[in-house]
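Protein chains in written order, with our numbering: chain A, 103 to 672; chain B, 508 to 1308.
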């Protein structure tokens, strides 16, 4: 640290005329904004910036079966990213909100290095995932233009569209409590103005075209059956078409998996999922080994504590209802706790919403949205369970259990329907039903201990818990088949999830297994030998719940979503 | 037709506040608004408060539709304050205050476009770490504490006067910038040297443009980049040397892509940059073998007879010696030293030879080198020997870095006397003393030390007081650990900046809060010599003052305000600059005032009042012919108004600014770099720009949340896959980069964009210059940022978790 100036002098009286100093004058002058006064001119011949972008808009409106689409000329894009900032400024977005982004594809070919810049926004898909997932119909695909618009005032901030979109398009704003997204500047297009990004591209790389929806459908639907990688059969590295269980699952896997064969764009999400309309065109022959510049980044995903809590509590509720049904509906206590846990779970879930007061509309999307169906199913479950508490018949218990299981199945479908690899149906159903069994068993064990006479035979319950735990751990462990050497040139989404669970989340993963083994195997087995008491079942349940909470937290944070190519230094 | 200026104004709304709701109502019923077509029901809210936040309404002023809350009541133009491209931005005003901006559509530079930095130019003004009041370091606590301007100015004058009294006028120095207005630079330079009686002062333009300045001055007789941006579109062959135009000057790259002649594009760069990827020929030479390559090309051109003898005879001197000199650069020798093949060399030479309009463009790859001046002159030599100068689509063209580096080169009064003059020239001093009405003795007959010599003087204790204006020495100066060590030795460090948080400001004894771009007025000069006007469209926070007014305040407190009684405003100083330019190659006496600049879409120098002194040629491109904007008023001798050609280039008549009117062939044998790679430090470290969203040390671009989404938050090093495999470095893991100066850690990006044996780190991260080696070009004293030896090691905690 250098030595500071030695002295502080008394203030000098400045020479002034009327007590004003030069400092006062200069500070006053700094407040004046002189641009308008000095440089005003009549509001004249200032026509809209039309000259340059006339060729970048379609001559005619879409005919039936057609829609507007972005077309990006990859050869013209130099990676300046003006499109991102122009969209931000001309649409008045929030400080860090961007509806367009720019990434890059790299070729690792040593002889012919290539960095292909890719600009991307909403693809205004033919079959938009956001729209089909929205529980309140806050999305509208315009019947004429095909533009997928978001109704900001309808949105409840559930962010399910964020999960459903393979392209990271809808952006959630915590302060606003809603998502927002690109609407292709539809109101500009309506009056013949170009969208902000089209206006701002110095190289005219982005244009609006009209595309046939049937052609898009035909082009990409084929990928469902064809996107098979010949070398994938035994090698989990390239095993992109196979789910962790070996079921052929043509969706949801990152299209890095399709590599260059992805006719939408190399190393980008599988277009068969939502049928994106954006066309990426290039006159150059792009090399076959293009990889997203961020293909090696391991990013943790956003945690969702309310959803974690909701899933575990509702599954505890469904599990207890199932146990209650096994008693023939004789155990009121089980049903009562099941109701309490489920209701609490649903309440916890509403904490996830940005606009909970508008959530009453969530039934609207039931025709397409699994989230809508999940909410209806849990509503029904709570209702049936409440009625069963009043009636107390075996039939009503059975009905309650069935509704509970259906609701859990809907929960699983909410995630499976996103077609994200880590949330594939077999694994998600396995986890959710496993949790239901395991926690139902552990909960009823404690409640039995509290009750005056045992509600269920202890060996049966212990068996349910132990088998449930082992089943669950086996299901969860499948992901580690995808653990590979990080240096390997291509990482699939499942490879990355496995790497995250093993690396960044290694302690949590091990803690989760320890909880499950202690609470779900060791303690229950001990109880068979020593008899129960209250302390042991309470400890077992606590450990099981903790284990399930960790598992469900990891379910969210270790999930690697498909995305458009991004990357550093592009 | 002359307009009254360039602020467009919506008279009705300002005059009648009641009009606003009416317009809102009109907008709500707008049939073109898709939201308005659907009405709300109990179950579906098609519109409402959240939707209307984004609903677009006609913005007028040619803006098209924009969100209602951003609708301006007037617009005005201002030149962007980042790079030297000099884009014009239409600033949207509400009650005189900037709320948004868009690129100006009919400005000849940017044609309605801007890069992300330009689009976000207003954002940093609202940053929370703006300097809002003077801060003085308390000797007891060691902390910076708020004070007022009076005390700040008293301490300033007291400390500097004490140092100068005790240790002489050479014990203090300033380091300024290419980011402030020409008028501000001139006032600072005049105040420091003529008013305060100090001598040493330099600018961060030393880090970017000193080489071009010296190279042009020696070769052409004046620092005169000859081109106009239209040349990008007029060339049939473009040669880029050490320039990543795509990323560093994206709006100029637009002009290359608009070239309709299907031009050959030769890119000479060790890296496969974005620009190189678009090249028809990428010449991936070994780092710092460029001088050898250029001499080799000259030799091939001579041997092939591909030279313009008539032009050489008429307009140059020294060609015979040069031709003799380059004979030793045989293709085999050059191929061996550059790592290229003889075939590649011949192909480049043939392409240049075949071109009818060949332009040569260079940037920092040339300028930031240990032998940069001769390298720049080797580029100039190629243009001269092939007669590729003074015609459309030709030229030896240095693309400038900072928004007003060109202003600094002419008027900063630091390394050269005002108006591109020489302190050592008695006649020049006399001219300035007459123009400024000051005593000739006030003008020092001695040159200032250069930036590196000032830093050396500080390190050695000879310079004890330093005034840093709008630059970030602690981050940007080469071998930054040593630079920071020197700064920490200073007895008095004053930092005048917009922000209190720069690496340099944190070391200051006194921080003077400065207004930024958009909060003050003045002119910038862009790469193609175009004067542009910047306007005051936003209020500076707290007590921050424009740099101009801070200099006035210093003059007042120093007691030399009398000398600057005419320097009352930037506008007044512009008139002084006109006087200083009279009769010089950069004569701007034909520009009336700011309004004239504003109405003309900027004006390139020279523009003399008398036609005889104008050395320029109007551009007669096909495009301009078609648009009818190429009206040549110069040849009619009319007073230049906004009818003047909007794009002009120099040297059409083959006459240069040297005493004999001829350009010089200048050359020296190439020298080896001071720190070649060896077994201990086997990699060459290259540095440069990362993305178009970052500017220099990121003090401004880092303030925009949008820009932050457009570049990597953390530093990284690019390394070739072969090297990575050999060193067992996995993609995206943390590695250590070690030079003889320092050791830093950053993420590895494994990419064949760099060649084996080379690594690249962008300059925007403060760790980069902890590695670089302080080596300088002997003529321009520009630092050689683009070559030092390093080694790479995986770190134990390598994987990126």
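Just so you know, even glycine gets a beta-carbon here, dropped at the ideal spot from N, CA and C. Nothing here was measured: the structure is a model prediction, and the numbers come from that model.
Excluding five sequence positions before and after residue 621(B), the CB atoms of its chain that fall closer than 6 Å to its own CB belong to 594 and 610, given in chain order.
For the 7 Å CB-CB criterion, residue 1074(B) and residue 1095(B) do not form a contact. The count of Cβ pairs closer than 8 Å, one atom from the segment 881-901 of chain B and one from the segment 807-824 of chain B, reaches three, so the stretches are in contact.
Shortest Cα-Cα distance from residue 717(B) to any of 1295(B), 1291(B) and 1104(B) involves 1291(B). Scanning chain B for C-beta atoms nearer than 9 Å to the C-beta of residue 239(A) yields 550 and 551, reported in chain order. Note on residue 1256(B): 16 or more other CB atoms within 10 angstroms of its CB, so buried under the neighbour-count rule. In terms of Cβ geometry, residue 495(A) and residue 431(A) form a close pair [threshold 7 Å]. Interface criterion met: the Cβ of residue 187(A) is under 7 Å from a Cβ in chain B. Closest option to residue 1087(B), judged by alpha-carbon separation, among 988(B), 941(B) and 1209(B): 941(B).
Against chain A, the CB of residue 1033(B) has no partner CB under 7 Å away; the residue lies outside that interface. For residue 230(A), the nearest beta carbon of chain B is not closer than 7 Å to its own beta carbon.
Using a Cβ-Cβ cut-off of 7 Å, residue 558(B) counts as an interface residue toward chain A, since at least one Cβ of chain A sits closer than that to its own.
DSSP, reduced to helix, strand and coil, places residue 1301(B) within a strand of the structure shown.
CA-to-CA, the gap between residue 534(A) and residue 444(A) works out to about 14 Å. Taking the C-beta atoms as reference points, residue 239(A) is found nearer than 7 Å to residue 467(A). For residue 815(B), there is no enclosing alpha helix (DSSP H), as DSSP marks it with neither H nor E. Between residue 174(A) and residue 307(A), the beta carbon gap of about 6 Å places them in contact (Cβ cut-off 8 Å).
Counting other Cβ atoms within 10 Å of its Cβ, residue 1115(B) reaches 16 or more and is therefore classed as buried. Taking 7 Å as the threshold, the shortest C-beta distance from residue 572(B) to chain A falls below it. Residues of chain B with a Cβ closer than 8 Å to the Cβ of residue 198(A) are, in chain order, 1212, 1213, 1215 and 1216. The beta-carbon of residue 969(B) is placed no less than 7 Å from the nearest beta-carbon of chain A.
Not one beta carbon of chain A lies nearer than 7 Å to the beta carbon of residue 748(B). At a Cβ-Cβ threshold of 7 Å, residue 451(A) and residue 515(A) do not count as neighbours. The Cβ atoms of residue 833(B) and residue 842(B) lie no closer than 7 Å to each other. DSSP places residue 1251(B) in the uninterrupted beta strand (DSSP E) bounded by 1250-1257. Within the same chain, Cβ atoms closer than 7 Å to the Cβ of residue 304(A) are found at 182 and 184, the five residues on either side in sequence being excluded.
Around the beta carbon of residue 1284(B), 16 or more other beta carbons sit within 10 angstroms, so the residue counts as buried. Rounded to the nearest angstrom, the gap between the Cα atoms of residue 1002(B) and residue 712(B) is 17 Å. Check the Cα spacing between residue 733(B) and each of 1236(B), 1162(B), 1221(B) and 933(B): the tightest is with 1162(B).
Between residue 622(A) and residue 577(A), the beta carbon gap of about 13 Å keeps them out of contact (Cβ cut-off 8 Å). Within chain A, 125, 128, 129, 131 and 132 have C-beta atoms less than 9 Å from the C-beta of residue 1052(B), given in sequence order. Interface residue (Cβ-Cβ distance to chain B less than 7 Å): residue 194(A) is classified as such. Comparing alpha-carbon positions, the option among 1202(B), 1172(B), 1178(B) and 1215(B) lying closest to residue 824(B) turns out to be 1172(B). Listed as beta-bridge partners of residue 173(A) by DSSP are 309(A) and 381(A). Around the beta carbon of residue 548(B), fewer than 16 other beta carbons lie within 10 angstroms, which makes this residue exposed.
Apart from the 5 residues on each side of it in sequence, residue 168(A) sits with its Cβ closer than 7 Å to the Cβ of 312, 313, 314 and 315 in its chain, given in chain order.
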